[in-house]
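One structure is given here, and the rest of the page talks about it.
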Amino acid sequence: MRLGSVIILINLIFCGVSWSYRQVSLTIPGEVVIRSNKDLDLGIVKSKTTVFAKILPLNPSNRTTKSKLGKAPPSRGKLYLLRGDRSLSSEELVKEAKRIPGVYQAEANYQGNLSYAPSDPQYAQTADHLGCVGFEEAWDVQTGDPSVLVAVID
Numbered sequence: 008m009r010l011g012s013v014i015i016l017i018n019l020i021f022c023g024v025s026w027s028y029r030q031v032s033l034t035i036p037g038e039v040v041i042r043s044n045k046d047l048d049l050g051i052v053k054s055k056t057t058v059f060a061k062i063l064p065l066n067p068s069n070r071t072t073k074s075k076l077g078k079a080p081p082s083r084g085k086l087y088l089l090r091g092d093r094s095l096s097s098e099e100l101v102k103e104a105k106r107i108p109g110v111y112q113a114e115a116n117y118q119g120n121l122s123y124a125p126s127d128p129q130y131a132q133t134a135d136h137l138g139c140v141g142f143e144e145a146w147d148v149q150t151g152d153p154s155v156l157v158a159v160i161d
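This is the structure:
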């Protein structure tokens, strides 16, 4: 019995089951996240493509990191959110974004949804083995704050 529980737990960990967050493959229409090796502004963007009407920088400030480390962390490129024509598909917008000089990565802006129960379709079969851990009760203690927005950029 104990060996079976350990095997199930290992399978759940290595199969990538998400317990508190479920990725839904929905993109936000008209939005693309890009990574550039140089500063961009709307003039540069519009010089190569006309489908984007707004550009928003996503890079966090390095002030606190710099003061703690004594120097700024190494750059991973500059992140931007491009907002444009909502009638175009995400693939078309990504293709247009890659035409902008300095852009070396572009992808659709995906929207995720919180799930307060495991998204594993076989959860009902394994819940009795994992019930002693108490993870379901933890969801009742803290479910988060709806004003917090988390972005996962890979």
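Under our numbering, residues 8 to 161 are what the sequence shown spells out, in order. Each residue gets a CB set at the ideal place from its N, CA and C atoms; glycine is no exception.
- Within the same chain, GLY84, LYS85, GLY109, TYR111 come within 8 Å of ASN44 by CB-CB distance, once the 5 residues on both sides are set aside.
- The criterion of a C-beta distance shorter than 9 Å is not satisfied by ILE35 and ILE107.
- In this chain, ILE51 is not harboured by any beta strand (DSSP E); it is covered by the alpha helix (DSSP H) spanning 49-55.
- A direct Cα-Cα distance of roughly 9 Å separates VAL58 from ARG90.
- Scanning its chain for C-beta atoms nearer than 7 Å, with the 5 sequence neighbours on each side dropped, one finds around ALA60 the residues ARG90, GLY91, in chain order.
- Going by DSSP, LYS45 is part of no alpha helix (DSSP H) at all; its letter is neither H nor E.
- Within the DSSP bridge table, the entry for LEU86 names ARG42 as partners.
- Per DSSP, the beta-bridge partners of TYR117 are THR34.
- By the CB criterion at 9 Å, LEU65 and LEU49 fall outside the cutoff.
- Between GLY37 and LYS102, the alpha-carbon positions lie close to 13 Å from each other.
- Annotation for ALA104: VAL39, ILE41, LEU89, VAL110, ALA113 place their beta carbon closer than 7 Å to its own, counting only its chain and skipping 5 residues before and after.
- Residue nearest to VAL155 within the set GLY119, GLN129, PRO128 is GLY119 (criterion: CA-CA distance).
- In this structure, DSSP gives LEU63 an extended state, which the three-state scheme calls strand.
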